[in-house]
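For the sequence shown, the UniProt record's numbering begins at 1 and goes up steadily by one.
Step one of this worksheet: look at the structure below.
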Amino acid sequence: MRRRPAWPLLVALALLVTACSDDRDDRRRALGDSPRFSDLMRVADPARGEHLFGSCAACHMVRRGAGDRNGPNLYGVVGKPPAETSRRFGYTAALRSLGGVWTAERLDAWLADPAKMAPGTSMGFRGVPDALDRADIIAYLKTQSAGVSDRSPSSAAR
1 MRRRPAWPLL VALALLVTAC SDDRDDRRRA LGDSPRFSDL MRVADPARGE
51 HLFGSCAACH MVRRGAGDRN GPNLYGVVGK PPAETSRRFG YTAALRSLGG
101 VWTAERLDAW LADPAKMAPG TSMGFRGVPD ALDRADIIAY LKTQSAGVSD
151 RSPSSAAR
């Protein structure tokens, strides 16, 4: 049996990794050192946000008509008042007292530090420290909310 050279396989693997790599670094460079929230949302990637939401999926669903897990189903969360996404979930008084609706900006604050935004919340998650990751998650949640634009400028350009 004759051995084949490994380099074609390595080249193919390198091309595959390059083709599938996240454009996150490119987006971050384009944003500069201190991007505004609107700039982050302009380049937000809902597909990457869906991938990042995977860690949230341990407690949350994002599917119309689905039940709750340890956290409420987040389908349609954008544009709804806090503590009203699910009629069945037992929200804390801290969340019920927030008022207003879940805007992209409020979701950003919540995802950054839930306990800071609503002291007394039962959500034990510490937050998403990276602003671009939060923007990607918010862009994904927008695609799962009726009446809210489901395409970010970055996804519309693809």
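Glycine included, every Cβ here is placed at the ideal spot set by N, Cα and C.
All of these numbers come straight from a predicted model, not from anything done at the bench.
Using alpha carbons as the reference points, say which of the options lies closest to residue i.
i, options, result
"Glu105", "Gly54, Arg134, Arg24 and Gly71", "Arg134"
"Ala146", "Asp108, Ala112, Tyr75 and Lys116", "Tyr75"
"Leu107", "Val78, Asp130, Gly124 and His51", "Val78"
"Thr92", "Arg24, Val43, Gly65 and Ala115", "Ala115"
Cβ of residue i within 7 Å of Cβ of residue j?
i, j, result
"Ser86", "Asn73", "yes"
"Leu141", "Ala118", "no"
"Leu132", "Leu40", "yes"
"Gly49", "Ala139", "yes"
Which residues in the same chain have their Cβ closer than 6 Å to the Cβ of residue i, if we skip the five residues on either side of it in sequence?
i, result
"Gly71", "Cys59 and His60"
"Arg158", "Legend: pLDDT at Arg158 = 32, less than 50; position of this residue unreliable, no value from coordinates given."
"Ala47", "none"
"Arg63", "Tyr75"
"His51", "none"
Just confirm the distance between the C-beta atoms of residue i and residue j, as a whole number of angstroms; I'd bet it's less than 8 Å.
i, j, result
"Asp113", "Gly127", "4 Å"
"Ile137", "Phe53", "6 Å"
"Val43", "Arg69", "In fact, because the Cβ distance is near 30 Å, the residues do not count as touching under 8 Å."
Expressed to the nearest angstrom, what Euclidean distance is found between the alpha-carbon atoms of residue i and residue j?
i, j, result
"Phe89", "Ser122", "12 Å"
"Pro82", "Ser97", "8 Å"
"Gly32", "Asp45", "17 Å"
"Gly120", "Ala30", "38 Å"
"Gly124", "Asp23", "30 Å"
"Ser34", "Val101", "27 Å"
"Ala57", "Asp25", "25 Å"
Please work out which residues of its chain come closer than 7 Å, Cβ to Cβ, to residue i, disregarding the five sequence neighbours upstream and downstream, and give them in chain order.
i, result
"Asp150", "Any reading at Asp150 needs caution, since the residue's pLDDT is 40, under 50, leaving its predicted position unreliable; the model's value is listed next. Correct list, in chain order: Lys142 and Thr143."
Between which residues of its own chain and residue i is the CB-CB distance below 8 Å, once the five residues before and five after are set aside?
i, result
"Pro129", "Ala112"
"Thr103", "Val78 and Gly79"
7 Å is my cut-off, CB to CB: does residue i come that close to chain B?
i, result
"Gly124", "The question asks about chain B, but that chain is absent: this structure has only one protein chain."
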